[in-house]
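First residue of the sequence shown? That's 2 in our numbering, and the numbers climb one at a time after it. All residues carry an ideal CB built from backbone N, CA and C; glycine is no exception. Taking it in order: structure first as structure tokens, then the write-up.
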Amino acid sequence: MTDRSPGLSIGAVLTRLQEEFPDLTLSKVRFLDAQGLVSPERSSSGYRRYAERDVERLRFVLRCQRDKYWPLKVIAEALDAYERGLRPSEQSDGPQPPSPAVDPALAAAQEPEERSDAEVQLTRAELQRATGLDTRALADLESFGLVHTDDRDLYSGRDLQVAHAAATLLSYGIEARHLRPFRLAAEREVALVQGLTGMSHEVDAEELVRQCLELHLALVRADLSRG
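Now the structure itself:
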């Protein structure tokens with residue numbers, strides 16, 4: 002009986018990938034599966050069923066082996082980075098931290114060129130590489146509540162934004178303790194937004210955030226213009 006489970010069979014995956022990797026064999030695909038580099042679903046009859054995501058993971062693995070001569074350990078780290086929202090580059094020597102993005106809520110005030118990916122998750126080393134923060138500076142930001150890790154000791158895309166902005170300010174000679182007022186101001190604004198949205202379901206929280214940011218920016222610019 003033909004297996005009608007969704008997804009591609011290992012034979013179909015092999016046929017597709019052999020267009021780019023003519024020497025690829027079924028045993029090599031099974032080996033990469035056994036190494037945990039790809040984890041296809043199993044059909045009710047026990048056969049591997051590969052999703053498009055699995056095929057692309059295999060393609061990435063094979064390209065890294067062929068073009069970069071990466072060992073499987075480095076490839077596994079790159080794939081782990083990909084799962085956390087980073088984009089491993091086949092042109093580099095390993096997974097790269099993402100470029101810091103600007104929160105969409107700032108669009109009205111700053112016209113950002115990029116948008117935040119809140120699903121990004123970074124290790125401590127990745128956050129430091131992305132921002133240039135040294136260990137002491139990052140520890141200071143944590144101690145003053147500006148960034149924090151989750152239960153897996155990973156930072157979010159929001160933490161990346163905060164850390165990047167803080168790193169720029171620190172480069173001007175500002176100390177981490179001087180940034181704490183920003184944390185306190187943010188907490189007060191959050192309390193205001195939560196209070197308003199709690200009173201009415203018709204209140205748009207994102208719009209409130211944008212207006213708060215616009216007001217804050219306008220007040221700072223007004224005070225600066227007065228000299």
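Determine the DSSP secondary structure at residue i, reduced to helix, strand or coil.
{"i": "tyrosine 51", "result": "strand"}
{"i": "serine 229", "result": "Because the chain here runs from 2 to 228, residue 229 falls outside it and cannot be looked at."}
{"i": "arginine 85", "result": "coil"}
{"i": "histidine 123", "result": "Checking the sequence shown, residue 123 turns out to be leucine, not histidine. Strand at leucine 123."}
{"i": "glutamate 42", "result": "strand"}
{"i": "leucine 147", "result": "coil"}
{"i": "serine 100", "result": "Note on serine 100: pLDDT 49, under 50, position unreliable in the model; the coordinate value appears next. Coil."}
Taking its Cβ as the centre, do 16 or more other Cβ atoms sit within 10 Å of residue i, making it buried, or is it exposed?
{"i": "valine 148", "result": "buried"}
{"i": "threonine 16", "result": "exposed"}
{"i": "threonine 124", "result": "buried"}
{"i": "glycine 37", "result": "exposed"}
{"i": "phenylalanine 145", "result": "buried"}
{"i": "glutamate 21", "result": "exposed"}
{"i": "valine 191", "result": "exposed"}
{"i": "aspartate 160", "result": "buried"}
{"i": "leucine 87", "result": "buried"}
{"i": "glutamate 53", "result": "exposed"}
Can you find the residues in the same chain that come closer than 6 Å, C-beta to C-beta, to residue i, ignoring five residues on each side of it along the sequence?
{"i": "leucine 9", "result": "Tyr51"}
{"i": "aspartate 55", "result": "Val39, Pro41"}
{"i": "tryptophan 71", "result": "Cys65"}
{"i": "glutamine 19", "result": "Leu25"}
Check for me: the alpha helix (DSSP H) holding residue i runs from which residue to which?
{"i": "arginine 31", "result": "27-35"}
Counting only the same chain and skipping the five closest in sequence on each side, list residues whose C-beta sits under 8 Å from that of residue i.
{"i": "valine 163", "result": "Leu142, Leu147, Val148"}
{"i": "leucine 27", "result": "Ile11, Gly12, Leu15"}
{"i": "alanine 177", "result": "Ala138, Asp141, Leu142, Ser144, Phe145, Leu147, Ala167, Leu171"}
{"i": "threonine 198", "result": "Val204, Ala206, Leu209"}
Could you name each continuous alpha helix (DSSP H) segment of 4 residues or more that falls completely within the stretch 187-212, going from the start of the chain to the end? none
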